[in-house]
Structure formats: C-alpha cells, structure tokens
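For reference, each letter of the sequence shown is one residue, going 0 to 167 in numbering that gives the first Met the number 0. Reviewing the structure listed below.
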Amino acid sequence: MTADQELQDEVTLDDPAVFRRILGHFATGIVVVTAFGKHPVGMTCQSFSSLSLEPPLVLFSPARTSTTWPIIREIGTFAVNILAVEQQPLCRAFAVSGSDKFAGVDWSPGVTGAPLLAGALAHLECALYQVLPGGDHDIVLARPIAVGEAEARSPLLFFQSRYGTFDG
Ligand SMILES: Cc1cc2nc3c(=O)[nH]c(=O)nc-3n(C[C@H](O)[C@H](O)[C@H](O)COP(=O)(O)O)c2cc1C
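What follows is the structure, encoded as structure tokens:
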C-alpha cells in the first residue's frame, strides 16, 4: 500500500470534524464584509473568492445562522475589506456574534456608505447580484462598483485554524 492510499483510507466524512480538518488544508486570506444601515455591521469571512471577470463578480458564503448577513442583504451594498496581517484582532472581533464589533475600530464610509476599515490591504465595494442556496450557507454573488488598495502590506492568512502571513 502506498502512502497516498493510506492517507485516503484514513478519511471518512461520517465525522464532521474530519470534513473540517480536510478543508483546513486549504489556506485562505481573510476579509471582513461590512455594510451600513442604521448602524455599521460586519462579519469575518474566509469564504470570499473572485468569480467572474466579465461581468466582474465576487462571492462569499455567509452561514444561514449569521445575524449580520440578513442586514447586509437588506441594505444591498457592502464592502469587502481584505485584511492585512496586523489586523488579526479585527478578524477575531468581527467573528463574535452579538458583540459591539465596531468598538474602537478606525473606519471611514465608502461611496456606498459601507465602512472601509483603516489598514486593510484593499477593499471592494459591491452591489448584491444574486443569492444562491448552499446547504446551511448562502452563496452571495456581488458586483464590485468601487475599489481601493493600500501601499504594499502583508496579508492575514488562515490555515488549519492558525493565522499566518506571506512575506512576498
Ligand atoms: C477565520 C474565520 C473565517 C470565517 N469565515 C466565515 C465565512 O466564510 N462565513 C461565515 O458565515 N462565517 C464565517 N466566520 C464566522 C463569522 O465571522 C461569525 O459567525 C459571524 O461574525 C457571526 O456574527 P453574526 O451573528 O453577527 O453574523 C469566520 C470566522 C473566522 C474566525
């Protein structure tokens, strides 16, 4: 038996922890999706991805249990803030449901009014394009309408439940 076969034999999807562990091998960047309705809202997401060039589309996948996602959906425009390595505390803060996520956070409104987080690598302000069902998540397709980027910084990365960076 080869090492590869041994690895495959080990994997069973009966255990959700195994599914999570396997997915944890996929390193991602981290974004905070923000919007402004009556007050600023936001949530940390690793499910952000580029999708289409023509038309330009991006996507992210909020859990159906998220309390922030229905507010963003109602507002219809939002900002995707791509986090820099120094923003790990923001990443953690925007992942805590029910907390005052914007307490002490430095931000300014974008053209849609969505909060642009100071120190982010880049941002894309987007308009909701389509929402598709994705099991216990929604798949949100969005059209970027305004973008911006900072001076070169290192990204915040997430891999096997740990944070890191990439020094290009
Ligand atoms: C590194 C990291 C990545 C996350 N990625 C996602 C994601 O892609 N989709 C999602 O729904 N929640 C994700 N979460 C969890 C949400 O940030 C969290 O459930 C959400 O902020 C809950 O608050 P809410 O009730 O205000 O929506 C992630 C959390 C962390 C720490």
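All residues carry an ideal CB built from backbone N, CA and C; glycine is no exception.
So, at 8 angstroms on beta carbons, what are the nonlocal neighbours of residue i in its own chain, with the 5 sequence-adjacent residues on each side left out?
i: G36; result: I70, E73, I74
i: P108; result: F35, P114, L115
i: S153; result: A83, V84, T164, F165, D166, G167
i: T76; result: A34, T111, G112, A113, E124, C125, A126, L127, I144
i: V146; result: A121, H122, L123, E124
i: S48; result: V57, L58, F59
i: D105; result: L116, A117, G118
Relative to ligand 1, is the shortest distance from any of its heavy atoms to the C-beta of residue i smaller than 7 angstroms?
i: P61; result: yes
i: F157; result: yes
i: A94; result: yes
i: T11; result: no
i: I29; result: yes
i: Q45; result: yes
i: S107; result: no
i: H136; result: yes
i: S48; result: no
i: T164; result: no
i: C90; result: yes
i: T66; result: yes
Measure how close the beta-carbons of residue i and residue j come, nearest whole angstrom, since I'm counting them as under 8 angstroms.
i: L58; j: L140; result: 5 angstroms
i: F93; j: T43; result: 4 angstroms
i: S98; j: T66; result: About 11 angstroms separates the two Cβ atoms, so there is no contact after all.
Keeping to the same chain, check which residues put their C-beta closer than 6 angstroms to that of residue i; ignore five residues upstream and five downstream.
i: P39; result: F101, P114
i: W68; result: P61
i: I29; result: Q45, L82, C90, L155, F157
i: Q159; result: G23
i: A26; result: L156, F158
i: L131; result: I138
i: R19; result: none
Give a yes or no on whether the C-beta atoms belonging to residue i and residue j are separated by under 8 angstroms.
i: H136; j: N80; result: no
i: G23; j: V31; result: no
i: Q45; j: L155; result: no
i: P55; j: R161; result: no
i: A119; j: A151; result: no
Just to confirm my understanding: we take residue i, look at its own chain, exclude 5 residues before and 5 after, and list those with CB closer than 7 angstroms. What are they?
i: A62; result: D135, H136
For residue i, decide whether its Cβ has a neighbour in chain B, counting only Cβ atoms nearer than 8 angstroms.
i: S49; result: In the structure shown, chain B cannot be found, because there is only a single protein chain.
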